[in-house]
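Visitor: Numbering (my numbering), first residue to last: 1158 to 1491.
1) One question on the structure: do residue 1180 and residue 1306 come within less than 8 angstroms of each other, judged by their Cβ atoms?
2) Since residue 1304 and residue 1461 are thought to touch, with beta carbons under 8 angstroms apart, how far apart are those beta carbons, to the nearest angstrom?
3) May I have the straight-line CA-CA distance separating residue 1415 from residue 1338, to the nearest angstrom?
4) As an exercise, report each continuous alpha helix (DSSP H) stretch of at least 4 residues that is fully enclosed by the segment 1308-1365, in chain order.
5) Quick check for students: name the residue ranges of the beta strand (DSSP E) that lie wholly in the segment 1169-1215, counting only runs of 3 or more.
6) Can the beta-carbon of residue 1378 be found less than 8 angstroms from the beta-carbon of residue 1405?
7) Please confirm whether residue 1292 and residue 1434 have their CB atoms less than 8 angstroms apart.
8) Measure the C-alpha to C-alpha separation of residue 1205 and residue 1220 and round it to an integer number of angstroms.
9) Evaluate the contact criterion for the segment 1323-1340 versus the segment 1351-1358: three or more CB pairs, one atom per stretch, below 8 angstroms.
10) List in chain order: all unbroken alpha helix (DSSP H) runs of 4+ residues lying wholly within the segment 1383-1456.
11) Determine, using beta carbons only, whether residue 1228 and residue 1253 come nearer to each other than 8 angstroms.
12) What are the boundary residues of the alpha helix (DSSP H) that residue 1238 is part of?
13) What does the alpha-carbon distance come out to for the pair residue 1346 and residue 1423?
14) So what's residue 1276 in DSSP terms, helix, strand or just coil?
15) Apply the 10 Å Cβ neighbour rule to residue 1409 and answer buried if 16 or more other Cβ atoms are within range, or exposed otherwise.
16) For residue 1363, which of 1240, 1478, 1344, 1455 has the nearest alpha-carbon?
17) Mapping the DSSP letters down to three states, classify residue 1480 as helix, strand or coil.
18) So the candidates are 1200, 1176, 1211, 1323; which of them puts its Cα closest to the Cα of residue 1163?
19) Near residue 1317, which residues of its chain fall below 7 angstroms by C-beta distance, leaving aside the five closest residues on each side in sequence?
20) Using C-beta distances below 8 angstroms, list every residue in its chain close to residue 1251, excluding the 5 sequence neighbours before and after it, in chain order.
21) So, is residue 1225 buried or exposed, given that buried needs 16 or more other C-beta atoms within 10 angstroms?
22) When we look at the beta-carbon of residue 1282 and count the other beta-carbons within 10 Å, is it buried (16 or more) or exposed?
23) Quick one: what's got a C-beta closer than 7 angstroms to residue 1425's C-beta in the same chain, skipping five residues either side?
24) Please state the DSSP three-state secondary structure of residue 1486.
25) If you reduce the DSSP assignment to three classes, tell me which class residue 1288 lands in.
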């Protein structure tokens, strides 16, 4: 599956690379470097996924942290010592992923997690589950990129850069919610298998408390951000602070979304996510265009928040439709 998808993606970039390069401002030859990095990342994620399912946080954390340190170390050498600039950052990521994908293959072979016998049923099952996620993933990427692509072409590269600084700073919240969800999913699925109503009520109660905690954390970050921004980004990008407090609300809704989308994966209703994302992608394009047209970069931030909220609401609706949980029958004090 990795080889097939990589070849298809390579051909797409080979055919439409010039257009992609023009709209993203990424040089054509570096698009192929990105593809190589993605290939290695796929291999790297396989043992991480197995450790996640097997509830082995020590191995998961150690492997992830070591790769991150290698990524950071190589990038710093290439960017600062060898003066490679932004190219050094990309090469650092590719190099670290390449090295750790080799380690990943060694781990898979050592633990006998690789079977070289082709299993048609598993192959079809994987495609049945995974193919509907392709439009979901592509749509999500398009939604994430729409604002910066429109900004780059409508407002200018300088303003896009400032907006991206705010976006990257706000994405720290996304890193936290994604990490928590990765640890939460194996536990959640083990409880859902029991099909116990009392346990389901406790899960819902915990989810509501998590929502409240995430709102408090997000609000706290917004309050302290004006004092930290000059230190973190410097005077050159201080203008990013005006977008930060808006964008981080979008990542808060994304944290909500992660907690409810798990039920669609458990019910194997991935096609619903694909169709929902296609619809939101269609909505996002004109929405972002008009908001940027009338409000510049602030409009892009508002568009991100609106689409993140709609993603959460639509996913919440479908998750309840295809896997019943007592969302409206549970009180926080029970």
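Just so you know, even glycine gets a beta-carbon here, dropped at the ideal spot from N, CA and C. Just so we're clear, the structure is a prediction, and the values are computed from it rather than from any experiment.
Guide: Taking the definition as stated:
1) In this structure, residue 1180 sits near residue 1306, with a CB-CB distance shorter than 8 angstroms.
2) Contact annotation, residue 1304 with residue 1461: C-beta distance approximately 6 angstroms; criterion of less than 8 angstroms satisfied.
3) Roughly 7 angstroms separates the two Cα atoms.
4) Annotation note: the segment 1308-1365 contains the following uninterrupted alpha helix (DSSP H) runs of length 4 or greater, listed N- to C-terminal: 1314-1349.
5) Runs found: none.
6) Against a cut-off of 8 angstroms, the Cβ pair of residue 1405 and residue 1378 comes out as a contact.
7) With contacts defined as CB atoms closer than 8 angstroms, residue 1292 and residue 1434 qualify as a contacting pair.
8) Between the alpha carbons of residue 1205 and residue 1220 lies a distance of about 8 angstroms.
9) Between the segment 1323-1340 and the segment 1351-1358, the count of C-beta pairs closer than 8 angstroms stays below three; the two stretches do not touch.
10) Fully enclosed alpha helix (DSSP H) runs of 4 or longer: 1398-1423.
11) Yes, these two residues count as a Cβ contact at 8 angstroms.
12) From DSSP, residue 1238 is part of no alpha helix (DSSP H); its letter is neither H nor E.
13) Near 7 angstroms, if we compare the C-alpha coordinates of residue 1423 and residue 1346.
14) Coil at residue 1276, not helix or strand.
15) Here residue 1409 is buried. Its C-beta has 16 or more other C-beta atoms within 10 Å.
16) Nearest in C-alpha terms to residue 1363, of all of 1240, 1478, 1344, 1455, is 1344.
17) The answer is coil: DSSP assigns residue 1480 none of H, G, I, E or B.
18) Closest by alpha carbon: 1200.
19) Correct list, in chain order: 1305, 1308, 1309.
20) In chain order, 1190, 1193, 1194, 1197 place their CB closer than 8 angstroms to the CB of residue 1251, counting only its own chain and leaving out the 5 sequence neighbours on each side.
21) Residue 1225 is exposed by the Cβ-count criterion.
22) Exposed is the call here.
23) Excluding the 5 residues flanking it on each side, residue 1425 has same chain C-beta neighbours closer than 7 angstroms at 1286, in chain order.
24) Secondary structure at residue 1486: coil, using DSSP grouped into helix, strand and coil.
25) For residue 1288, the secondary structure class from DSSP, reduced to helix, strand or coil, is coil.
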